[in-house]
Amino acid sequence: APARRGPWVEPAEPRLWQVSQDLLFPLLVDGERIERLTIRRLTGQQVAELVLEDDDGVSLNARARACMAGLHPDVIAALAADDALVFADLCRPLLPAALARLEEAAMADAAGAI
5 APARRGPWVE PAEPRLWQVS QDLLFPLLVD GERIERLTIR RLTGQQVAEL
55 VLEDDDGVSL NARARACMAG LHPDVIAALA ADDALVFADL CRPLLPAALA
105 RLEEAAMADA AGAI
């Protein structure tokens with residue numbers, strides 16, 4: 005028997021789901037020029053996959069931000085410092101609350117260590 009096709013689901017208000025920003029310093033990734041990043045909210049399924057994924061070299065929040073941009077974490081790590089700061093600022097309001105709290109705690113720990 006053919007598998008039942010699921011419903012078509014999309015954001016009711018797309019402007020609440022994503023934001024785009026031109027890079028000040030574009031990159032070439034596998035020969036493709038990247039000039040603009042689009043950052044999207046994560047779905048529950050994506051968060052579950054990120055939590056279950058085991059990647060010793062990249063933190064959960066770094067992987068989440070890369071997923072939000074639809075890019076490999078190495079691409080995000082290669083952003084120019086100015087672009088990386090803008091990227092982080094754009095991601096922050098779109099992060100799931102639990103990941104935002106983890107990031108805030110990590111930042112507080114880092115500030116306390118100084």
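If you read the sequence shown in the working numbering, its first letter stands for residue 5, the second for the next number, and so on.
Idealized CB from N, CA, C, for every residue including glycine.
LEU41 and LEU27 closer than 8 Å at C-beta | Yes; because the gap between Cβ atoms is below 8 Å, this pair is in contact.
Can we count ASP113 as close to the ligand FAD, meaning its CB is less than 7 Å from some heavy atom?
-> No copy of the ligand FAD occurs in the structure displayed, which carries no ligand at all.
Does the beta-carbon of ARG105 have 16 or more other beta-carbons within 10 angstroms, so that it is buried, or is it exposed?
-> With fewer than 16 neighbouring CB atoms inside 10 Å of its own CB, ARG105 falls in the exposed class.
Every unbroken alpha helix (DSSP H) within the segment 16-83, with a cutoff of 4 residues, ordered by chain | The segment 16-83 contains these whole alpha helix (DSSP H) runs: 48-56, 64-73 and 77-81.
Closest Cβ-Cβ distance between ASN65 and chain C: below 8 Å?
-> This model lacks chain C altogether; it includes just one protein chain.
If we call anything under 8 Å between Cβ atoms a contact, is VAL33 one with VAL79?
-> Yes, these two residues count as a Cβ contact at 8 Å.
Assign LEU89 to buried or exposed, taking buried as 16 or more other Cβ atoms, counted over all protein chains shown, within 10 Å of its Cβ.
-> Label assigned to LEU89: exposed.
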